[in-house]
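Report on one structure; see the data block that follows.
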Amino acid sequence: MRMATWNVNSVGARIDRVVEWLESAQPDVVALQELKCTDEAFPHVPIQAAGYEAVTHGTGRWNGVAILTRVGATDVVRGLVGQPEFDGAAEPRAIGATCNGVRVWSLYCPNGREPGHDHYNYKLDWFKALNTTIAGDLAQYPELPLAYIGDYNIAPTDADVWDIEKFVDSTHVTAAERAALTDIQELGLTEVMPRSLKGEPYTFWDYRNGSFHRGWGMRIDLVYANQAFTSLVSDAYVDRDARKGKGASDHAPVVVDLDLP
DNA sequence: ATGCCCTATGATATAGGA
């Protein structure tokens with residue numbers, strides 16, 4: 000079974016590229032982030048025409064997450080346990096479902112904007128709620144392969160940004176953010192590391208300054224999974240070709256192949 | 001080569017992204 004995570008930066012603006020990618024990569028389950036559309040506005044027609052059903056959680060504007068699947072989705076959950084609000088709203092940044100016996104969550108973790116900002120504290124609180132949600136999942140589904148995939152907006156190590164010197168006093172690399180990743184690992188999850196292509200580990204390149212062409216990227220789209228999941232992994236890679244050309248998202252998909260029994 | 005920011009919105013500027 001092929002799974003993937005992809006921050007598409009607006010599913011409406013990206014729908015043609017998304018359908019093309021589904022047809023070429025042939026994934027069975029895809030976690031999407033940053034839909035930037037409401038559940039009502041989600042482009043179900045072209046997604047279904049490509050052979051997928053979608054479970055979505057979006058309220059328009061920014062954020063929004065979905066799971067596309069051609070192997071079914073059950074036990075769908077929207078939002079985190081004890082999820083904090085920002086600016087008076089519980090934002091749609093998490094959706095979970097069980098697909099072909101694998102439980103998967105699509106996560107769009109808050110950006111944080113700058114250390115000390117309200118949004119940064121919100122980001123750290125959001126990760127606490129994610130930790131609570133994962134702990135609940137582990138108790139509820141002790142036998143299932145579990146994967147928490149998406150845009151974490153944290154670079155796990157200094158090697159996961161193109162130049163750590165450019166990130167002094169920046170979000171995505173602070174000790175507190177990385178401690179949130181350590182907390183996830185302490186629940187018993189490990190990271191599935193994608194193969195490095197073109198010598199770059201990155202999954203995101205800013206649209207500005209020709210960043211993609213200069214290799215100015217960040218690895219922030221991550222896969223954390225339990226042992227039942229990681230023991231099934233046969234391959235994982237970043238599809239950086241999907242970042243090329245006109246009309247690309249600023250993130251590339253991360254693909255994980257599983258050998259299901 | 002892949003080429004120098006993009007997207008959504010009470011839109012003709014602004015906020016957010018990371």
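Take the first sequence: its position 125, counted from the start at 1, is 124 in numbering that gives the first Met the number 0, and no numbers get skipped.
Backbone N, C-alpha and C fix where the C-beta goes; we use that ideal spot for every residue, glycine too.
Residue i to residue j, Cα distance in whole Å?
i: K127; j: L79; result: 10 Å
i: W61; j: K35; result: 5 Å
i: A179; j: G209; result: 31 Å
i: G81; j: H116; result: 21 Å
i: Q47; j: T55; result: 13 Å
i: A158; j: R177; result: 13 Å
i: R92; j: G59; result: 12 Å
i: D27; j: M0; result: 6 Å
i: A138; j: T189; result: 17 Å
i: E142; j: A227; result: 7 Å
i: H123; j: E90; result: Reading the sequence as shown, one finds Leu at residue 123 and not His. Rounded to the nearest angstrom, the two C-alpha atoms are 15 Å apart.
i: K245; j: Q25; result: 22 Å
Excluding the 5 residues preceding and the 5 following residue i in the sequence, name in chain order all residues of the same chain whose CB lies nearer than 7 Å to its CB.
i: P45; result: I14 and V18
i: D86; result: none
i: A193; result: Here residue 193 turns out to be Pro, not Ala, going by the sequence shown. The residues are A235, Y236, V237 and V253.
Where does residue i sit, in a helix, a strand or coil, going by DSSP?
i: D136; result: helix
i: I183; result: helix
i: Y151; result: coil
i: Q226; result: helix
i: L79; result: coil
i: A235; result: strand
i: A48; result: helix
i: V17; result: helix
Please return the same chain residues whose Cβ sits closer than 8 Å to the Cβ of residue i, not counting the five positions on each side in sequence.
i: S233; result: D256, L257 and D258
Under 6 Å Cβ to Cβ from residue i, same chain only, skipping five residues before and after it: list those, please.
i: I148; result: T4, A30 and V222
Are there any heavy atoms of the ligand ZN lying less than 6 Å away from the beta-carbon of residue i, as far as the coordinates show?
i: A178; result: Questions concerning the ligand ZN fall outside what the structure shown contains, since it holds no ligand whatsoever.
How do the region 63 to 79 and the region 97 to 106 stand: do at least 3 beta-carbon pairs fall below 8 Å, yes or no?
The region 63 to 79 vs the region 97 to 106: in contact.
Cβ pair count under 8 Å reaching 3, the region 183 to 198 against the region 158 to 171
Judged by Cβ distances under 8 Å, the region 183 to 198 makes no contact with the region 158 to 171, as fewer than three pairs qualify.
Would you say the region 250 to 257 touches the region 221 to 233, given that touching needs at least three Cβ pairs under 8 Å?
Counting C-beta pairs closer than 8 Å gives three or more between the region 250 to 257 and the region 221 to 233, which meets the contact rule.
Does the contact criterion of 3 or more C-beta pairs under 8 Å hold for the region 148 to 157 versus the region 230 to 247?
Touching, no.
Curious, which full-length beta strand (DSSP E) runs of at least 3 residues does the region 90 to 128 contain?
You should have 93 to 98 and 101 to 107.
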